[in-house]
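Residue numbers (the working numbering): 57 to 362.
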């Protein structure tokens, strides 16, 4: 005889509950059809990737949908392909191989909810399936993870991750990389005389004009209270200096609506180019910060490239 199933009437759904669940809008209880990757370990630990394309390539090439900087990865290491019958993991003839649930992937393997994928030296990914509501929540979570709520720019944590990845790429391929530290002059005076609402308006206005002046391939983030930081790819020193001057002049010309009269501010900018002496992204940031300090010493509202 089979074992009897114990039933607690107190925990059984009532007829009213069952009827209410049946009337929930479409999408509240839905099929889990949407793939998501979460990085469990490695240099990008905690990163979330929503697999909303038919194919997502994974590897250390910047063109991948899932770009990771693990040195043990091939340029295109593996890919996840969405077919009518589900998501499939394929190794892309990688040097070090792809492991799913402890087994090497030699042929396309259908992914199941919760599968773990080991690639490179230290990267562990988890694949999961979500319904429409969960995917929407994941998108919101992703935005909360990477965005500063005041300026809507990438936050410091996200910028640090981009800096690490871009630094590794630039060192490997000998391409130019620069950091610009953008600091508002006398910002404390704005807060002290006009209040924090005025300071917030200034930060939002400056963030918008700086972001609008950059190329798609560049990254700007809020790094401190009144500091923005810009990561500039593929431009030599003179071009970086010209970009710094452009940002400085745009901020100086900015009129920020607030109260009866618009607010105006200036900015000091310090920049640093990647050289052989830099061993990590943090050293590049430190060099840019030193250049920013010199810009302040020299009278503010200027650009110094160290």
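Note that beta-carbon positions come from the ideal geometry of N, C-alpha and C, so glycine has one too. Please read all numbers here as calculations on a predicted model, not as lab measurements.
### Task
Please name the residue in 93, 101, 99, 128 whose C-alpha comes closest to that of residue 121.
Ranking 93, 101, 99, 128 by Cα distance to residue 121 puts 93 first.
### Candidates 182, 151, 290, 225, of which the one nearest residue 95 by Cα
Here the closest residue by C-alpha is 182.
### Task
Drop a sphere of 10 angstroms on the beta-carbon of residue 87, count the other beta-carbons inside from all chains shown, and report buried for 16 or more, exposed for fewer.
With fewer than 16 Cβ atoms within 10 Å of its Cβ, residue 87 is classed as exposed.
#### Entry: Simplified DSSP state of residue 150, which is helix, strand or coil
Here residue 150 sits in coil by DSSP.
### Query
When you compare only the Cα positions, how much space is there between residue 260 and residue 230?
Looking at the two C-alpha atoms, the distance is approximately 35 Å.
### Span of the beta strand (DSSP E) around residue 367
Given that the chain is displayed from residue 57 to residue 362, the structure contains no residue 367 and the question cannot be resolved.
### Message
Let's test the definition: count the other Cβ atoms within 10 Å of the Cβ of residue 329 and tell me whether it reaches 16, buried, or not, exposed.
### Response
So residue 329 ends up on the buried side.
### Separation of residue 133 from residue 110, as counted between CA atoms
Computed Cα separation, rounded: 17 Å.
### Task
Thinking residue 128 and residue 177 are a contact (beta carbons under 8 Å), I'd like their distance in whole angstroms, please.
Contact holds; Cβ gap of about 4 Å.
### Backbone secondary structure at residue 314 - three-state DSSP
Assigned with DSSP and collapsed to three states, residue 314 falls in coil, not helix or strand.
### Query
Based on the DSSP output, what are the partners of residue 237 in its beta bridges?
Looking at the DSSP assignment, residue 237 forms a beta bridge with 285, 326.
### Task
Give me the Cβ distance between residue 175 and residue 207, rounded to the nearest whole Å; I'm assuming they're in contact under 8 Å.
The Cβ separation is near 35 Å, so there is no contact.
### Proximity winner among 204, 234, 212, relative to residue 288 (alpha-carbon distances)
For residue 288, the closest of 204, 234, 212 by C-alpha to C-alpha distance is 234.
### Query
Are the segment 328–348 and the segment 214–231 in contact at 8 Å, needing three or more beta carbon pairs?
Judged by Cβ distances under 8 Å, the segment 328–348 makes contact with the segment 214–231, as three or more pairs qualify.
### Message
I'd like the list of long-range same chain contacts for residue 171, defined as Cβ closer than 7 Å, with 5 residues on each side in sequence excluded.
### Response
Answer for residue 171: 156, 157, 183, listed in chain order.
### Message
Pop quiz: residue 209 and residue 325 are said to be a contact at Cβ under 8 Å. What is the actual Cβ separation, rounded to whole angstroms?
### Response
Taking 8 Å as the upper bound for CB-CB distance, residue 209 and residue 325 are not in contact here, some 16 Å apart.
### Message
Using 8 Å as the cut-off, can you tell me whether the segment 252–259 makes contact with the segment 298–318, which would need three or more C-beta pairs spanning the two stretches below that distance?
### Response
Contact check between the segment 252–259 and the segment 298–318: three or more CB pairs, one atom from each, fall below 8 Å, which counts as touching.
### Query
Taking DSSP as the reference, what is the three-state secondary structure of residue 385?
Only positions 57 to 362 of the chain appear in the structure, and residue 385 is not among them; the question remains open.
### Beta-carbon proximity check, residue 296 vs residue 238, cutoff 8 Å
No, the Cβ-Cβ distance between residue 296 and residue 238 is not below 8 Å.
### Task
Starting from residue 112, follow its DSSP beta bridges and name the residues at the other end.
In DSSP, residue 112 forms a bridge with 136.
### Message
Whole angstroms are fine: how far does the CA of residue 302 sit from the CA of residue 263?
### Response
So the alpha carbons of these two residues sit roughly 14 Å apart.
### Task
Work out the CA separation of residue 167 and residue 185 for me, nearest whole Å.
Counting only the Cα atoms, residue 167 lies some 9 Å from residue 185.
### Message
I'd like the list of long-range same chain contacts for residue 123, defined as Cβ closer than 8 Å, with 5 residues on each side in sequence excluded.
### Response
Take residue 123, set aside five residues on each side of it, and the residues of its chain with a beta-carbon closer than 8 Å to its own are 115, 116, 117, 221, in chain order.
### Query
Whose C-alpha, out of 215, 205, 320, is nearest the C-alpha of residue 274?
Per the C-alpha coordinates, the member of 215, 205, 320 positioned closest to residue 274 is 215.
### Query
Going by other Cβ atoms of all chains shown within 10 Å of its Cβ, with 16 needed for buried, is residue 125 buried or exposed?
Looking at its Cβ environment, which holds 16 or more other Cβ atoms inside 10 Å, residue 125 is buried.
### Message
If you reduce the DSSP assignment to three classes, tell me which class residue 105 lands in.
### Response
In this structure, residue 105 counts as strand in the three-state DSSP scheme.
### Query
If residue 322 and residue 241 are in contact, beta carbons under 8 Å, what's the gap, nearest whole angstrom?
At roughly 5 Å, the Cβ-Cβ gap stays under 8 Å, so residue 322 and residue 241 are in contact.
### Message
Using the three-state DSSP reduction, which class does residue 193 fall into: helix, strand or coil?
### Response
Reduced to three states, the DSSP call for residue 193 is helix.
### Beta-carbon contacts of residue 143 that lie in its chain and below 6 Å, excluding the five residues immediately before and after
Sequence-distant partners of residue 143 (beyond 5 residues in either direction) whose C-beta falls short of 6 Å from its own C-beta, in its chain, are 91, 136, 167.
### Task
Apply the 10 Å Cβ neighbour rule to residue 151 and answer buried if 16 or more other Cβ atoms are within range, or exposed otherwise.
Under this definition residue 151 is an exposed residue.
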